[in-house]
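Going by the working numbering, the sequence shown runs without a break in its numbering and finishes at 808.
Where a beta carbon is used, it is the ideal one built from N, C-alpha and C, also for glycine.
Just so it is clear, the structure is predicted and the values come from calculations on it, not from any experiment.
Working notes, structure below.
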Amino acid sequence: MKNIKSKIMVSILLCFVLLMTIVGLMGCGGNDYESYLSSVEKTKQIKRASEEVKIDVALDFNLENFDEEAKNEINKLKDMSYKGIMKYDDNQEIFENNMYTKLGGVGFDSTVYGKEDDILIELTSIGKYIKLSDLKEETNFNDINFSDETIKKIEDTWNSYVNSENVFKGENILVDTPSGVVKSKKYSVAFGNEWINFLNEVMTIIKEDAAIENLMNDEKFGEKAYTLDEMIILNTEEAEVEYLIYEAFVDADGYVVKEDMRFKINYDDPYFKGVTFDLSGLLYNINKEQKIKFPEVSDAEILDVKDFSTEAPVLFDMMN
């Protein structure tokens, strides 16, 4: 196979980009829950709040079809988890995100601070900071921003699949948040194998976006001969959805205060068996003052990117 680590890493990156784009579109469509659509739009207008996000991803491979070197790389990548607790105030253009990331059984803590265009990452384990702009230059970190046209096409595709048959309003639920218990109404979206058809259509759309073309041609990932069709994790031709459930919880003020998304997709593929994805998000302290302080750091506290690989080897390895 081609450089297996690069191929899997690009696959995973594209998978996350696709999933996060889809999560951002949840809630579009269906006459039976116009109130929910209104809540989604209202939630998008929030300027300051706190949120907690947990993500777990498990990738299942047919390891017997890989050589030992590839197996070692796969074992570093197949299980991923993330937890972030973020406070933000868009009016002041400032945010703080306390994160714990785990990949291949190895985890690390970090805090990301943003103020206007400046973004600092605090590497908790070594007590130093790194500038995001410097990090992009030293590693394979890339921003992937789809065009407005691409987002609109994906949104229209999502709308065509969401209807009164797979979206419904459920019971009243108490949601436990860090700021207290909140009364809410649950809304659900459930799909079967039509999810695969949706993914195929979305894949066709994003293939035409310049951001994806740039990623496929990025020399940092080694060989440039990749096409989107080659990405093993996103190959949906032999895929079957075991389950896919999205649930949103709307409070009395009309805000989406909790979201859960769970799915498992199985593959009939010689290399890749499937992916399991779990996401949970909480929104609280809505429109309340957020205590955020952008750190003032000295030059001695800024990590030189040249020392990044030795000072923070786990994070460096994850991004390369």
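Closest to LEU611 by CA distance: which of VAL600, SER667 and ASP555 is it? VAL600
Quickly, what does DSSP pair THR638 with across the bridge? List them, please. Paired residues: none, contrary to the question.
Selected residue, minimal CA-CA separation from LEU732, among GLY658, GLU529 and TRP683: TRP683
Below 8 Å on the Cβ atoms is my contact criterion, and I expect ILE607 with TYR617 to pass it. Report the Cβ-Cβ distance as a whole number of Å. That belief does not hold up - the Cβ atoms of ILE607 and TYR617 are roughly 10 Å apart, past 8 Å.
What do you get for THR692, buried or exposed, if any count of 16 or more other CB atoms within 10 angstroms of its CB means buried? exposed
Can you tell me the Cα-Cα spacing of GLY615 and GLU789, whole angstroms? 8 Å
Using only CA atoms, which one of LYS761, ILE534, SER526 and VAL677 lies nearest to GLU777? ILE534
Contact set for LYS542: own chain, Cβ-Cβ below 6 Å, skip 5 residues either direction: LYS571 and SER768
Determine the DSSP secondary structure at SER621, reduced to helix, strand or coil. helix
DSSP three-state assignment for VAL594, whether helix, strand or coil: strand
Residue range of the beta strand (DSSP E) that includes LYS566: Where LYS566 is concerned, there is no enclosing beta strand (DSSP E), given that its DSSP letter is neither H nor E.
Reducing DSSP to helix, strand and coil, say where VAL763 ends up. strand
In chain order, what residues of the same chain lie with their CB nearer than 7 Å to the CB of GLY595, ignoring the 5 residues before and after it? TYR588 and THR589
Using the three-state DSSP reduction, which class does PHE686 fall into: helix, strand or coil? helix
Give a yes or no on whether the minimum CB-CB distance between SER786 and chain D is below 7 Å. Among the protein chains of the structure shown there is no chain D, as only one such chain exists.
With 16 other CB atoms within 10 Å as the buried threshold, where does ASP664 fall? exposed
To the nearest angstrom, report how far apart ALA736 and VAL729 are at their CA atoms. 21 Å
Could you have a look at LYS542 and say whether DSSP puts it in helix, strand or coil? strand
How would you label LYS779, buried or exposed, when you count the other beta carbons within 10 angstroms and need 16 or more for buried? exposed
Under 6 Å from any heavy atom of the ligand FAD, does the C-beta of LEU791 make it? Ligands are entirely absent from the displayed structure, and the ligand FAD is therefore not among its contents.
Taking buried to mean at least 16 other C-beta atoms within 10 Å of its own C-beta, is GLU539 buried or exposed? buried
Apart from the five residues just before and just after PHE782, which ones in its own chain have a Cβ nearer than 7 Å to its Cβ? ILE582, TYR601 and LYS603
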